[in-house]
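Quick notes on the structure that follows.
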Amino acid sequence: MADRMESLLESAPPAAAARALEETDAALERWKRVLPENDWPAHAPYIAEIRRLKRERNAVLLAHNYQMPEVFHGVADLTGDSLALAREAADVDAGVIVVCGVHFMAETAKLLNPSKTVLIPDPDSGCSLADSITAEDIRRLRARHPGVPVVTYVNTSAAVKAESDICCTSANAVEVVESLDSDRVIFLPDEYLGRYVAGRTKKDLILWKGHCEVHEKFTGSELCAYREDYDGLMILAHPECPPGVLAEADYVGSTAGMIREVAKRVPRRVLLATERSMSDNVAAQFPEIEFVRPCYSCPHMQRITLPKILDSLQNLRHVVEIDPVVAGRAREAVRRMLDLAPRTIR
Ligand code: SF4
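Residue numbers (my numbering): 348 to 693.
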């Protein structure tokens, strides 16, 4: 962390530095709850300059719940899980959309905003789930299971979405599967999410062996040990976690679902079995709750830093482009998801 701070200070926009501390004071209040205040002077110049550039470029910045707190609290206009970001991306009224998340999220934003400039601050921000499957894999599966519809998790490339009948997120996967007029469904690529969905539907699911490299690190025995160490601990788990973890959890749901559950129950102590930054971001909203934080971070999400966001806005790079034929078919799969009972899928 110290090295990162030093490099930030060295490359910070100097003229804005002093003014930035005042301009970003409102964000400082939230920041203080989750990170050392000493970090602020290194980040504040970037935050101030990014905010100025957003206005100048008529840009809006979307940030996933797993983004680091300085991004989430400092510069994001809209935050949320994959579903929320997909919805927000569809309604954005701005010429430029900067997606602070991984590459498939930026592609989804582009699919839903084909006429807008969509930027991703680091084009190499991948995802182990998205990388676990290709369009060719789906074509082979379709050949092996003719007539069986394909549901694809949004954590996939546009090329994979283009081969799918409909997309889903962790928040709506059960509803999407249930909506299909077929007893068998090919569900890709997350095996653990697929198993979770299979336990909530009578349909026969054909699964893939894709895993999230962050969520698969959690174990049920690890969570048991936390329970023994922390009296009154409430455990909430993301369905990308292995089955033994979900069995140990008090609640299973998407990141948005977890936040709603924490707000509803207001437990004394909470453990979120998901990416680490999410705990920092949620903890800022609930100062009365103690957050127990396992340290499993997503290296791909962490590639999105304030200096890279600034560079992206200053130079309008890296622009997300998708082959028009692929984009048209992928957009249909995402649209079918968004059109499916849009007010009830949460
Ligand atoms: S947390 Fe897992 S699913 Fe999310 S972007 Fe990282 S590797 Fe992909």
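Every residue gets a Cβ at the ideal spot worked out from N, C-alpha and C, and that includes glycine.
Tell me which same chain residues have a C-beta within less than 7 Å of the C-beta of residue 375, skipping the five on either side of it? Answer for residue 375: 387, listed in chain order.
Short Cβ contact (7 Å threshold) for residue 596 with residue 584: Yes, the pair counts as a contact, with Cβ atoms nearer than the cut-off.
Distance check for residue 540 and residue 424, CA to CA, integer angstroms please. Distance between the alpha carbons of residue 424 and residue 540 is about 29 Å.
Using the Cβ count rule (16 or more neighbours within 10 Å means buried), how would you classify residue 496? With 16 or more other Cβ atoms within 10 Å, it is buried.
Report the start-end ranges of each alpha helix (DSSP H) in the region 604–691 that is 4 residues or longer and not cut off at the edges. Those alpha helix (DSSP H) runs which fall completely within the region 604–691 and span 4+ residues are 623–630, 653–662 and 671–686.
Drop a sphere of 10 angstroms on the beta-carbon of residue 659, count the other beta-carbons inside from all chains shown, and report buried for 16 or more, exposed for fewer. Under this definition residue 659 is a buried residue.
Is there contact between the region 431–438 and the region 469–476, where contact requires at least three CB pairs shorter than 8 Å? Result no; under three Cβ-Cβ pairs closer than 8 Å.
Hey, how far is the Cα of residue 459 from the Cα of residue 408? Straight-line measurement puts the Cα of residue 408 at about 15 Å from the Cα of residue 459.
With a 10 Å radius around its C-beta and 16 neighbouring C-beta atoms as the bar for buried, classify residue 675 as buried or exposed. Around the beta-carbon of residue 675, fewer than 16 other beta-carbon atoms lie within 10 Å, marking it exposed.
When you compare only the Cα positions, how much space is there between residue 635 and residue 482? Counting only the Cα atoms, residue 482 lies some 47 Å from residue 635.
Which whole-angstrom value is the C-beta distance of residue 615 and residue 557, which I expect to be below 8 Å? Going by Cβ atoms, the distance from residue 615 to residue 557 rounds to 36 Å, so no, they are not a contact pair.
For residue 681, I'd like the list of residues in its chain whose CB is within less than 8 Å of its CB, leaving aside the five on either flank, ordered along the chain. So the list reads 433, 455, 458, 459, 501, 508 and 514, once near-sequence residues are dropped.
Measure from the alpha carbon of residue 382 to the alpha carbon of each residue in 521, 627, 565 and 653, then state which is nearest. Considering only alpha carbons, the answer is 627.
When you compare only the Cα positions, how much space is there between residue 621 and residue 643? Residue 621 and residue 643 have their alpha carbons spaced roughly 8 Å apart.
Comparing C-alpha positions only, which one of 479, 612, 565 and 576 sits nearest to residue 594? The shortest Cα separation from residue 594 among 479, 612, 565 and 576 belongs to 565.
Taking 6 Å as the line, does the beta carbon of residue 450 fall inside it for any heavy atom of the ligand SF4? Short note on residue 450: C-beta not closer than 6 Å to any heavy atom of the ligand SF4.
Contact under 7 Å by Cβ, residue 405 with residue 453: In this structure, residue 453 does not lie closer than 7 Å to residue 405 by Cβ.
Just the Cα atoms here: how many angstroms apart are residue 516 and residue 504? Separation of residue 516 and residue 504 (C-alpha to C-alpha, rounded to the nearest whole angstrom) is 14 Å.
Roughly how many whole angstroms lie between the Cα atoms of residue 512 and residue 379? Those two C-alpha atoms are separated by around 45 Å.
Spatial neighbours of residue 598 in its chain, beta-carbon cut-off 6 Å, leaving aside the 5 residues before and after: Same-chain partners within the cutoff: 583 and 608.
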